[in-house]
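One structure below.
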Amino acid sequence: MMLASSTGALGALVEAGLLGVELTQVQWYLLLGTAVAVIGMVRMLLTRDLVARLIALNVTGIGSLMIILALAARSAESADPAGSGPGIDPVLSALVITGLVITVAFTGLGAVLIRRIEGFPVTGRRDDPESGGPAQDPEAEQ
Amino acid sequence: MLIALSLLTPLALVLALGLAGLLRPLTKFTIRRRLTLFAPLAVVPAVLLALLGNPGSATAALEVPWMLFGAHFAVDLYARPLLLIAALLYGAALLAISWIKLRDAERGSSALSAFLLLSFTGNIGTYLAADAASFYLGFALMSFSAAGLVIHYRTPAARRATRVYLVMSVLSETAILAALILVASGGGFLLTDAPAAAGTAHTGLIQGLLFFGFGVKAGTVPLHVWLPLAHPAAPPAASAVLSGAMVKAGLIGWLRFLPEGETAGAVLLTLALIGAFAAVLVGVVQHDPKVILAYSTISQMGFITALVAVGLLVPELRGATSAAAVIYAVHHGLAKGALFLGVPVVKHYARGRTGILVLLGMLGAGLAVAGAPLTSGAFGKYVSKEAVSGIEVLGVGLDQLLPLVATGSTLLLLRFAAVISSADRDPRRRADGELLSWLGVCAAGIVVPWVIGARWITDPVQDEGVAVPSWDPGTLWDATWPILLGIILAAMVWVAARRGLLPGRLTSQEAPVVQPGDLLLAEESLLRRVGSGGGAALDAAHGFTGSAAGRWSDRWSAAAQRGRRGVSWAEARLGGWESTGLVLVVLLTGVVLATMLLLGGNS
Amino acid sequence: MVTWLEQIPGELLPAIPLVMVLLSLTAAVAIFPLPENSVKLRAGINLTAAATKVLLIIALVPAVVADGARPEFSAPFLPGIDLVLRVDPLALFFAGLSSLLWLLTTIYALGYLRGSKNKSRFFGFFSLCVTATVGISFSGNLITFLVFYELLTVVTYPLVAHWGTPASLRAARIYLRYALGGGLAVLIGVVWLSMYVGPVDFAEGGAEGVTELVASNPVPALLIFVLLVGGLGVKAALFPLHGWLPLAMVAPAPVSALLHAVAVVKAGVFGIVRVLHDVFGVEAAAELGVLTPLLVLAAFTILYGSYQALRQQEIKKRLAYSTISQVSYVVLGVAMVNVLATTGGIVHLVHQGIMKVTLFFCAGLFAEVIRAHTVSQLRGAGRRMPLTSAAFTVGAFGMIGLPPTAGFISKWQLGTGALASEHPWVLWVLVGSSLLNAAYFLPVVYALWFADPEDVDPETLASGDAASDAADPLRVREPKSLLVPALITAGLTLFVGIAASLAFAPLQVARFIAEGVLG
Amino acid sequence: MNAPMSLTLFCLGAVVLIPLLASALSVLLGSAARRVLGVLTSAAVLGLSAPILVRVTSGETLELALGGFESPLGITLRADGLSALFLAMTAIVGAVVSCYAAARPAATGKRLVAQTVEPATVTDGDHRAALTEDAPAAWRTGHAGFWPLWLGCWSGLNAVFVSGDLFNTYVGLELVGLTAVALVALGGREAWAAALRYLFIAVLGSLLFLIGVALIYSVTGTLDIIDSGEAITQLAAQGDADLAAVVLALCLISLGLALKVALVPLHGWLIPAHSSAPSAVSPLLSALVIKAALFVLLRAWLWVAGPLPELEILAWVLAGMGTAAILLGSVMALRQSRLKPLIAYSTVAQVGYWFLLLPLLLDPETSALEGQPGTTLEEGAVLAGALSGTVALALGHGLAKASLFLSAGHLKDLYSTDEITELRGAGRAHPMLVMSMGLSAVGLIGLPLSLGFSGKWLLATSAVAAGHYWILVVLVAGTLFSAAYLLKAVAPLLVMSEDDQTALTLPQAQNHPGASDRTLTGKAQLAPFLLGLLTVLTGFLGVWLTGVLEVGAPW
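Protein chains in written order, with the working numbering: chain D, 1 to 142; chain F, 143 to 745; chain R, 746 to 1264; chain H, 1265 to 1819.
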């Protein structure tokens, strides 16, 4: 939610030409992608809550993939400047797809681990006989 | 070949005695008993060598290339007579302790004869050695096996004597080692050219070391302190050998190695004369007969050292004085040996049939030591007086001073006679090895010096036998007046003692006014003070370095501790999740910006 | 038997150094997995390996010393640098000493450790240690020397820590700290030198290129020399770096006998001799001006070691400090650049080894049989253990430098060498140190023979009585397998002392080496 | 193409795909069958990597386009000297650890099992069947999930080592990352948190790496390592503005990989992960997984970027972080009281050694040495010396660390504690184990006769030749520190008895399920001993290693 508001504000600023910077469409997306990635990373690195961190991880992933798409567009654009349609470099797009798949896999694994760590909230509190310590104290994940 | 034989037979016997220890106790005892019986025969090859090996002949030289640094042995002018008397004395000593009935034999006599054999080998080794290394080998073997003789009775006195003897002989050994290395590196490895080599470099140093080294053995003042302690402690046979033969090793050392030098000669002469006379003063007040004899040895050795000193002072006379010294040593060895062996003989055989024989023998030996006319003593003194005629010491002719030594020895002998006559008797019926060996030594004492003097010692200057004193009245009187003077003095003292004029302390029966080994107390305390002072200083230094090192290592470990704490603080900071993230972000932006600037800069 | 050895065909010779090194390595590999109770097999392997090693040395002696063969074996190890095993007289000298004493110490250890645990581990590391020592002696260039030098450190650690008590572990840790520090210093020196000069092959007058290096830039050459000698000085127990030796006396007797009298300490000194003679060459070292400080340091170590020995009451500690001072004789001799002194130094390498091993054997025997660890407990031991005391006395006289023993020969050579060199004051160091040696060995000998057993404090007297035989109530049975090696080495000390100028006696080989180096 | 050529090419492809196939297959099998399959696959991979190694040492680089598709779209596998060496080390360590895991299933982790119910069949990946609420869960030792994950990780590693282009390297890295996180998670309760943290780090690292790769592609137009390398060198020659993008890409790639290799400031995740992982997994993590990231870094720095002078700052930063790693890692290792964290910190310290060569690469021909008469290392050799030194150090570390972690894990499983003070005197009961720890300590400290020594020697000589004397100081400090903390770990095990001869009492050994297992555990101790022996024996391979690295070297 905080994320959406910040991108919106940035977009408004650019529209207003306040920044006085003439951006081609590709550079605009590059900037946007870097912004999303940086925000995601900062958010991920600073929160304590695991789930929020996982989501922030996804946001960083998306940000970086946006950068790659922008790069793909830039190189396609430079390849045939007067090219007909919105040419995207095929190789980089393949790169993006694989990146997405891998981020999803990691998110799945992360979710399972978080659920394990927070000790099956669905089936009630379970004192783990073997390790003794309370299962889900938040500092555990430091 | 004969040299090798004379050196090896005693060693073989000692080895056999040692190895016997491995067998079963019973057989061990019988084999050892039988071996000690053979022990006196071990000296026979040495006697043969002395008789047959005239210097320069084939039998008189032996070269063993593989031993030490190439060992050379030779019988030369000086070695031959000393070899003979050493062989005779050791033979007599071995005889005295082994050819006696089991009941009278001392406890552990086989150990005693083993040590005697070892010191015999060492002793003749020093005489026969012709190169510095073998000389030192003989000398060390002799002095350390002598310790075994002194400690034999294991009494507290014997222990103290051995301790003192060991300390002094270690000091003397080291000094001699340094001197020999100096001589050898100066080119004097072979003894024939040792004095010349010693003269070339570090002469003063070498002389000092030789004085100290051989002085300990020859009993010159102030190094004589171990003699009066060792002789009473050692068994009589051992002390006979100690003063008869071992002390002469010091003499042969000086003759072989000492280079000429006026100052050295003068110093040695003064020490010798002090020794000769002071020993008499201290000896007279002693109660133990063997201590008296020990002091008599010190005074006689003073006499011989004076001769050697003269040889240094006036190089031309060196040949004559050395010859005279050797003859006198031969006489003194046999006579003193007879006296020492006589002490137990008097104790066992003074009563009964053998009494007269004992009296005659002791009287003869005593007169010889005193230098009465017609005895070997007179011959020795005559030859020495001839050699040193013309030397002045503080205005008084040396040939006047030397006879006074005779008076001194007469006084000592009279005191000895007085003490020995009142000693308790433990008569033995049948004559055994002890008596026989004593008689042998007395006979040799009478005959051998004359034979040696006439035929063996060719005066290198006139190249013929040393002048044998003709019995005209002049020489007779020269020989007798010192003795008469001595007797008169003794009579006066005796009368004073009778009248109670002498101070009580002097004649008190128990402790003699001056403990035997007089200077020893002073030297011991000196040594102890030096040792403790040095030790304390070194310990303090050690403590200081120890604490400095301690302080330094504390500082070091404190710094290391601080370093570790700092690192673990940093680690704790870095461990946290946020910090890794923060660090990453900072690193990323920092590096990117830096490279951009750099690139911006040069592109 | 010797003639048979001489017929070993020429081309087999280069294989001998490799075989020598691999021999004890295979022995070690064979012994490690052996179960504890297979005593026979373990003893068999040990003794055959040791015996064959001594035989090979005997086979090499005529070839190397007489007709100057230099068998060599090399294998690639690092780019541009090979592992080279070369046999020259100095190598033969040290390898001969260590293999002979390894044979004797193995016999001794077999008896000594009869009752104790994990013997396989002990003998495994024991033969590894000898592999390292033989490797050190045969190494042909500085890198191979360094490899075996470090191997020696690693392999001797478990031996020092054998008893596994916290005290022995602490001592082993300190030893490792010193030895690793030294090893690192040598590593840096070797890297730096080989960077300048390439593979540093030992050559008679100094490795090629080193003399130019010393000429062109002396400062790094000096630093390299200091690093090398400092690193080797740790094992050679030179003054500031000797702290570990007395502590390592906690190890079992055979370990302190072989290691601290022969292998470890001698490796350090052997290294210094190699660096001085075959890496820098004596002229270059003199040009660098390092010889006099080295001489002063060695002299100070001699006096300091003897002084410390004087203050120790424990026998093994006293022997340890005496080792520290005796080993510096070798450095003293080599640092004085003339044939006589160098011969004295090199021959003392062997003589000190033989004498010190005898003393450690006897110390082990005293500790084992009558539980005597301090000098005062030794009183009257002469009557109860006559043969051990006799061996100890021979060793002690050797240390003092009295004639019939080998110590006299080296002391005489060093003395004459000192006077021939331009440092005559060294003679007084020798004299002083023989006095100090006498000061701390003669009381022990006196206590052995002349002190009465009665005034021995009762409990050591009682402990000895149990095993004494009937006839002499005090005589104690000395175990054969411990006694025989001690007597052999004592006999060797006397034999080498007396027959010093025999054909291949240590003195002749040492003179041959010294003449080879100094011309 | 003649027969043998196609055979080795087949091996090249098979070495990646066979473990992947086995991993998939093992999911379907029971736990006993998985162990057999695991051992078989490791033997197969060992067999496959041998011909590759032989072919490469004879001097040619193997290239295989999978399925015939040429480079832009198809996957090209390329095996040169560097990859052959890493492949071989991974095969050896992998095989030995797999045999260990097969011999001691208890070492493969802990699983949560409902008390009464037969252990539910394990579905794919790590999703556990939902447990019934009432039956109390109990931890059982041994987790069958180990095998599929480990074989998958192995195939990922091989993919990274032989991949010809950057994108495949990325895919390989991801596969390794994913399976490694899961493997850590097998370690039970406290391992989950560490696994999660490792996950975040891995993903972050790979995202940075991905952006870097994309940047390089956008500049050079190709993903293939060799082609992009040539393109970049041309760019550098023309001094093109795009060079800035390449430098930025290198920064991102280096930092991403530094995260994955746990270089010091970014090493927070490694200690909990490696020390709480099961005893069969932590050797794999320390010895192999972080090596993949190092391998890619070397590829990027030497093959792709070619030593660009502009990378000066980044090189010095990384080298600084490396030195900090050595010092901090060692000091922290000294302060640990438990064995596994100590060894983990030792890994952090050893990682520092591998980054020391970067400044060397940038200006190897410094003038420092022109004046020396006897310089042996001519100019080109400094680069070769530095690289072979680093590779030797990495491989030596792999072998030694695997053996050390296996032994420590073994002790921890047996006595359920790895507190050093409690394990005093363990040497008496496990002489073979302590012996192998000693041998690996020799390898880690870098004493002679070990790969570590040859590595340090090569690095030191080339550093001195290039005038970077500071490396010598760091190496010496590192050696001393490593000696200190390894001694601290191994020495207490040798204690036999207290000073007053009282026997030492070890904590009560875990009760083993069956007698048969006892013999197997005894046998299992052979694995660390074998690895320890290898660390020492490979000491002789210094020359051979430099030769192999010449094959396909960028200069």
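Ideal Cβ positions, reconstructed from N, Cα and C, are used throughout, including at glycine.
Backbone secondary structure at residue i - three-state DSSP
{"i": "residue 1144/R", "result": "helix"}
{"i": "residue 824/R", "result": "coil"}
{"i": "residue 539/F", "result": "strand"}
{"i": "residue 668/F", "result": "helix"}
{"i": "residue 619/F", "result": "helix"}
{"i": "residue 273/F", "result": "strand"}
{"i": "residue 451/F", "result": "helix"}
Presumed contact (8 Å Cβ cut-off) between residue i and residue j, rounded CB distance
{"i": "residue 1262/R", "j": "residue 1087/R", "result": "7 Å"}
{"i": "residue 489/F", "j": "residue 565/F", "result": "6 Å"}
Proximal residues to residue i (C-beta, below 6 Å), its chain only, five neighbours per side dropped
{"i": "residue 153/F", "result": "263"}
{"i": "residue 517/F", "result": "509 and 510"}
{"i": "residue 1245/R", "result": "1154 and 1252"}
{"i": "residue 1422/H", "result": "1279 and 1280"}
{"i": "residue 1795/H", "result": "1360, 1663, 1666 and 1667"}
{"i": "residue 1130/R", "result": "1221 and 1223"}
From the options, residue whose alpha carbon lies closest to that of residue i
{"i": "residue 1498/H", "options": "1527/H, 1571/H and 1478/H", "result": "1571/H"}
{"i": "residue 1711/H", "options": "1799/H, 1733/H and 1368/H", "result": "1799/H"}
{"i": "residue 178/F", "options": "211/F, 432/F, 541/F and 237/F", "result": "237/F"}
{"i": "residue 156/F", "options": "302/F, 226/F, 252/F and 569/F", "result": "252/F"}
{"i": "residue 1700/H", "options": "1295/H, 1271/H, 1682/H and 1664/H", "result": "1664/H"}
{"i": "residue 144/D", "options": "51/D, 75/D and 59/D", "result": "Residue 144/D lies beyond the stretch modelled for chain D, which goes from 1 to 142, so this question has no answer here."}
{"i": "residue 483/F", "options": "740/F, 267/F, 576/F and 162/F", "result": "576/F"}
{"i": "residue 1302/H", "options": "1363/H, 1531/H, 1589/H and 1555/H", "result": "1363/H"}
{"i": "residue 1543/H", "options": "1624/H, 1672/H, 1477/H and 1594/H", "result": "1672/H"}
{"i": "residue 1377/H", "options": "1484/H, 1721/H and 1401/H", "result": "1401/H"}
{"i": "residue 1567/H", "options": "1332/H, 1300/H, 1696/H and 1345/H", "result": "1345/H"}
{"i": "residue 1478/H", "options": "50/D, 35/D and 65/D", "result": "65/D"}
7 Å Cβ shell around residue i - same chain, five flanking residues per side excluded
{"i": "residue 1390/H", "result": "Bear in mind that the predicted position of residue 1390/H carries a pLDDT of just 40, short of 50, making it too unreliable to give a figure here."}
{"i": "residue 881/R", "result": "890, 893, 894, 897, 1012 and 1015"}
{"i": "residue 1266/R", "result": "Coverage of chain R is limited to positions 746 through 1264, which leaves residue 1266/R absent and any answer about it impossible."}
Cβ-based neighbour list, residue i, same chain, cut-off 8 Å, excluding 5 preceding and 5 following
{"i": "residue 1028/R", "result": "950, 951 and 956"}
Give, in chain order, every unbroken run of the alpha helix (DSSP H) that is at least 4 residues long and sits entirely within the stretch 1506-1539 of chain H.
-> 1507-1525
Every unbroken alpha helix (DSSP H) within the stretch 967-1021 of chain R, with a cutoff of 4 residues, ordered by chain = 989-992, 998-1003 and 1009-1019
Which runs of the beta strand (DSSP E) fall wholly inside the stretch 812-872 of chain R and span at least 3 residues, in chain order?
-> 817-823 and 826-831
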